[in-house]
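**Student:** Questions regarding the structure given below will be posed in turn.
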Amino acid sequence: DGGITQSPKYLFRKEGQNVTLSCEQNLNHDAMYWYRQDPGQGLRLIYYSQIVNDFQKGDIAEGYSVSREKKESFPLTVTSAQKNPTAFYLCASSTRGVGYEQYFGPGTRLTVT
Amino acid sequence: AQKITQTQPGMFVQEKEAVTLDCTYDTSDPSYGLFWYKQPSSGEMIFLIYQGSYDQQNATEGRYSLNFQKARKSANLVISASQLGDSAMYFCAMRAYSGDMRFGAGTRLTVKP
């Protein structure tokens, strides 16, 4: 049963703490992506990776970090430098190439107080 | 960098009628893909339809069709015979040769009985 998993579904943290969001896929996709979505807004690209051990910044990378040590995994760390980390975070993966759609995980709702 | 614009924050349509959701884009890449996704209140992202920049014909998938006007850089989604279950957020997205995928701000569609 192929797909993308994100855990946990809900995450609560205190201000000043780093937190890592998990994203795993078993679709054999080369490309993986992280997006942030604020209430009633669109998806904003944080980071993306086209291949293992390589990743690029998106539009709002400040305060976030990623790693891509395995094809299946693309964890996102929300650091204490991120000023407004409370949001819905979506991970996606796809085959490389302009003609392939992204497959999305169920998302993680992060609340920082 | 590419840009996606959705100018309709909200749209209403009567059940069984057709509705058009607008999307314009901007890119300097000759090769790109255009996508539409649906996001119900549950938060999941559902892929609806794809159009390639070199495709001569407009894409269709069941009740969904994409009105692609390359010279105008528009890729409007047409939903025919609207159903109550079509009420959701709809996002237009573009994938460039560089591999990144960016989304518009979205349109909230409400289908009235």
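Chains as they are written, first to last, in the working numbering: chain A, 3 to 115; chain B, 6 to 118. By construction, the Cβ of each residue, glycine as well, lies at the ideal position given by its N, Cα and C atoms.
Out of B:Thr32, B:Pro45 and B:Ala101, which has the shortest C-alpha to C-alpha gap to A:Pro108?
**Tutor:** Closest option to A:Pro108, Cα to Cα, is B:Pro45.
**Student:** In chain order, what are the residue ranges of uninterrupted beta strand (DSSP E) at least 3 long that sit wholly in the stretch 76-109 of chain A?
**Tutor:** Counting whole runs of 3 or more residues, the stretch 76-109 of chain A contains the beta strand (DSSP E) stretches 78-80 and 89-96.
**Student:** For a cutoff of 7 Å on Cβ pairs, would you count A:Leu23 as touching chain B?
**Tutor:** So, not an interface residue.
**Student:** Counting only the same chain and skipping the five closest in sequence on each side, list residues whose C-beta sits under 6 Å from that of B:Lys43.
**Tutor:** Taken in chain order, the residues that qualify are Ile51, Leu53, Ala93 and Tyr95.
**Student:** List the residues of chain A whose Cβ lies closer than 9 Å to the Cβ of B:Gly38, in chain order.
**Tutor:** Residues of chain A passing the Cβ test: Gly99, Val100, Gly101, Tyr102 and Glu103.
**Student:** Is there a C-beta anywhere in chain A that falls below 7 Å from the one on B:Ala64?
**Tutor:** Taking Cβ atoms only, chain A never reaches closer than 7 Å to B:Ala64, which makes this a no.
**Student:** Going by other Cβ atoms of all chains shown within 10 Å of its Cβ, with 16 needed for buried, is A:Arg98 buried or exposed?
**Tutor:** When all chains shown are included, A:Arg98 counts as exposed.
**Student:** Can you give the Cα-Cα distance for A:Tyr35 and A:Lys72, rounded to whole angstroms?
**Tutor:** Going from the Cα of A:Tyr35 to the Cα of A:Lys72 covers about 14 Å.
**Student:** Check the Cβ of A:Leu47 against every Cβ in chain B and list those closer than 9 Å, keeping chain order.
**Tutor:** The contacting residues are Asp105, Met106, Arg107 and Phe108.
**Student:** Tell me whether B:Asp91 sits in a helix, a strand or coil according to DSSP, three-state version.
**Tutor:** Reduced to three states, the DSSP call for B:Asp91 is helix.
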